[in-house]
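>
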Amino acid sequence: MAAETLTRARPARRAPRRLPAVKTALIAAAAYIIAIIFLLPYVEMVITALRPQREPAKKTARSASPRRRLPNSTRSTVSAR
Amino acid sequence: MQSAYNRNLAAPFWVQCKQLPAGRGRRARRRLAPLAWLAPAGALIGVVVLWPIVALIQTSMQNITPFGITIGSAGTKNFTKLFHDPNLPGILVRTVLWVVAAVALTMLISLALAQLFNQRFPGRRVARWALIAPWAASVMMTALIFRWMLQPDNGAINILLHQLGIVHQFDSNQSSWLGRPDSALAWMIGVAVFVSLPFTTYTLLAGHQGIPGELYEAAKIDGATRWRSYRKVTLPLLRPAFLVAVVINIMNVFNSFPIIWEMTRGGPGYATNTTTVFMYNLKESYIGEAAALSIVNFILILVIVLLYLRLNNWNRAEDR
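Just so you know, the sequences run in chain order A and B.
So that you can map any letter, position 34 of the first sequence is 34 in this note's numbering, and since no number is skipped, the others follow by simple counting.
Throughout, this note's numbering is defined as the position within the second sequence, counted from one, plus 81.
Take a look at the structure:
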């Protein structure tokens, strides 16, 4: 009887393991940032390839600020040496 | 019938087999049959692996001019000259530092990355693809990109560091990262880690896929914390994948030439030379010495790998 009951018993449904939403978002954000870091050098290569030929070789004056990469930088470029 | 003893020994083995008496002949044929299947692989190994080694040993014992003309035997003179080179001790120390630092950092970061990319999150596949980029790209190209980015006057990394206030002046000693031996070596180790990460991470990721989820459930029921189940379940089961990744990574980093050559050419002076780059530099004028160093390199890498495998009891699982 017991054996019959066991065979008839429905297999217990495994609840899908889900991480809490915030944690998933954090993991995804970390993974995307790392993915971007891995791609950045190659993006830089493509950007350099698309620039006019003179520009990449153009020297930045010793005391002048070069072309900007980060926005709103007000940092002084005067030499600290 | 021809006796087994008076058969033509100069004939190929299959002809000899035909000449043998019926019973013995069949047995001998059966025994020699695998040779026919092994022969192509054996010939390939002979031509691709053994012959270059023999040629290398031969070259290391010859007196060869910088123009490539052999002017007789040098015996062990090339080895003696090599071991008396004042630059060699520094280069050997730097090579060990280069290999240990690059491999250790790669494996540590890979463990974390494999753990992260093994989690379920939306867009996981795309993120994993991005990780392959340095693996898919040529190492020479990646090293060249980093050299561009480290240009002292307008390199992207220098510009970023300048914006962050770390680099104060362009075209200065401070911004010339590849001009100073210590910082150049550090950046090159960074690039070596960057190009090695995809392979090691994917190897560990494959190891992660092979760990049954039930083990974690059992550990959880037993009251294990996440850190404890990582130490007691994940790490031991990742061991085979970890060992493979480390061994292949050691060989790759030890033999790595394009990163160093593209970023510093081994300079300033010999300050960023490893044995592989030094071997290439020697080749310009001292071919015999370069061949001698390549043999030393070969022995060194064999010893390092065997030592590592021995320390990690490579055959532990098989012994049980």
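Here a beta-carbon is modelled for each residue, glycine too, at the ideal position from N, C-alpha and C.
Owing to the predicted nature of the structure, the values given are computational and were not obtained by experimental measurement.
Taking only the alpha-carbon atoms, compute the straight-line gap between A/Arg68 and B/Asn235 and give it to the nearest angstrom.
Taking the first sequence and counting its residues from 1, one reaches residue 68 of chain A at position 68. Taking the second sequence and counting its residues from 1, one reaches residue 235 of chain B at position 154. Residue confidence is low: A/Arg68 scores 48 on pLDDT, short of 50, so the model does not pin down where it sits. No coordinate-derived value is stated.
> Applying a beta-carbon distance threshold of less than 9 Å, which residues of chain A neighbour B/Thr284?
Within the second sequence, residue 284 of chain B is the residue found at index 203, counting from 1. When 9 Å is used as the limit between beta carbons, B/Thr284 is near no residue of chain A, the shortest such separation being about 17 Å.
> Does DSSP put B/Asn144 in a helix, in a strand, or in coil?
Taking the first residue of the second sequence as 1, we reach residue 144 of chain B at position 63. Three-state DSSP puts B/Asn144 in a strand.
> In this structure, does DSSP put B/Thr353 in helix, strand or coil?
As a working note, residue 353 of chain B is residue 272 in the second sequence. Three-state DSSP puts B/Thr353 in coil, outside helix and strand.
> What does a CB cutoff of less than 6 Å around B/Thr223 pick up in its chain, not counting 5 residues either side in sequence?
Against the second sequence, residue 223 of chain B aligns to sequence position 142. Its chain contains Pro215, Val276 as the residues whose beta carbon lies nearer than 6 Å to that of B/Thr223, once the 5 sequence neighbours on both sides are disregarded; these appear in chain order.
> Assuming B/Ile240 and B/Tyr351 make a contact with CB atoms under 8 Å, what is their CB distance in whole Å?
Taking the first residue of the second sequence as position 1, residue 240 of chain B is located at position 159. Taking the first residue of the second sequence as position 1, residue 351 of chain B is located at position 270. The Cβ separation is near 31 Å, so there is no contact.
> In terms of alpha-carbon separation, which member of B/Ser366, B/Ile340, B/Leu388 lies closest to B/Phe227?
Counting from 1 along the second sequence, the entry for residue 227 of chain B is found at position 146. When only C-alpha atoms are compared, the closest one is B/Ile340.
> Is the CB-CB distance between A/Ala31 and B/Phe198 below 8 Å?
For the purposes of this step, residue 31 of chain A is taken as the residue at position 31 of the first sequence. For the purposes of this step, residue 198 of chain B is taken as the residue at position 117 of the second sequence. In this structure, B/Phe198 lies closer than 8 Å to A/Ala31 by Cβ.
> Between the alpha carbons of B/Leu116 and B/Thr281, how many angstroms are there, rounded?
Position 35 of the second sequence, counted from the first residue, corresponds to residue 116 of chain B. Position 200 of the second sequence, counted from the first residue, corresponds to residue 281 of chain B. Rounded to the nearest whole angstrom, the C-alpha separation of B/Leu116 and B/Thr281 is 37 Å.
> Compute the Euclidean distance between the alpha carbons of B/Pro279 and B/Arg110, then round it to the nearest angstrom.
Here the question's residue 279 of chain B lines up with position 198 in the second sequence. Here the question's residue 110 of chain B lines up with position 29 in the second sequence. Cα to Cα, B/Pro279 sits roughly 49 Å from B/Arg110.
> B/Gln200 CB to nearest chain A CB: under 8 Å?
Numbered from its first residue, the second sequence carries residue 200 of chain B at position 119. Chain A contact via Cβ: present.
> Alpha carbon to alpha carbon, what distance is there between B/Gln290 and B/Thr315?
As a first step, residue 315 of chain B is located in the second sequence; it is residue number 234 there, counting from the start. As a first step, residue 290 of chain B is located in the second sequence; it is residue number 209 there, counting from the start. Spanning the two alpha carbons is a distance of roughly 11 Å.
> Just to confirm, are B/Pro233 and B/Ser264 a CB contact at a threshold of 8 Å?
On the second sequence, residue 233 of chain B is found 152 positions in, with the first residue counted as 1. On the second sequence, residue 264 of chain B is found 183 positions in, with the first residue counted as 1. Not closer than 8 Å, so no.
> Can you look up B/Gly127 in the DSSP assignment and give me helix, strand or coil?
Counting from one through the second sequence, the residue named residue 127 of chain B turns up at place 46. The answer is helix: DSSP assigns B/Gly127 an H, G or I state.
> Within a Cβ cutoff of 7 Å, which residues of the same chain sit near B/Leu374, ignoring the five residues on either side of it in sequence?
For the purposes of this step, residue 374 of chain B is taken as residue 293 along the second sequence, with counting starting at 1. Result list for B/Leu374: Leu163, Thr356, Phe359, Met360, Leu363, in chain order.
> For A/Pro52 and chain B, any beta-carbon pair shorter than 8 Å?
As a working mapping, residue 52 of chain A is identified with position 52 in the first sequence. By this cut-off, A/Pro52 is not an interface position.
> What span of residues does the alpha helix (DSSP H) with B/Ile226 cover, start to end?
Here residue 226 of chain B refers to the residue found at position 145 of the second sequence. B/Ile226 -> alpha helix (DSSP H) spans 220 to 230.
> On a Cα-Cα basis, can you pick out the residue from B/Ile152, B/Ala208, B/Gly149, B/Val177 that is closest to B/Phe335?
Reading the second sequence from its first residue, position 254 is the one you call residue 335 of chain B. Closest by alpha carbon: B/Val177.
> Name the one or two DSSP bridge partners that B/Asp154 has.
Taking the second sequence and counting its residues from 1, one reaches residue 154 of chain B at position 73. The sequence shown places Ser at residue 154 of chain B, rather than the Asp named in the question. Bridge partners of B/Ser154: B/Gln143.
> Measuring straight from C-alpha to C-alpha, what distance separates B/Ala404 and A/Ala35?
Any question about residue 404 of chain B goes unanswered here, given that chain B covers just 82 to 401.
> What residues from the region 226 to 240 of chain B come within 7 Å of chain A, judged by C-beta to C-beta, listed N to C?
Ile226, Phe227, Trp229, Met230, Asp234, Asn235, Ala237, Ile240
> Name the chain B residues whose beta carbon is nearer than 8 Å to that of A/Ala49?
In the first sequence, the residue the question calls residue 49 of chain A occupies position 49. Within chain B, no residue comes near A/Ala49; the closest Cβ sits about 11 Å away, beyond 8 Å.
> Closer than 9 Å by beta-carbon distance: list the chain A residues that pair up with B/Gly271, in chain order.
Counting from one through the second sequence, the residue named residue 271 of chain B turns up at place 190. Per Cβ cutoff of 9 Å: no residues; B/Gly271 is ~11 Å from chain A at best.
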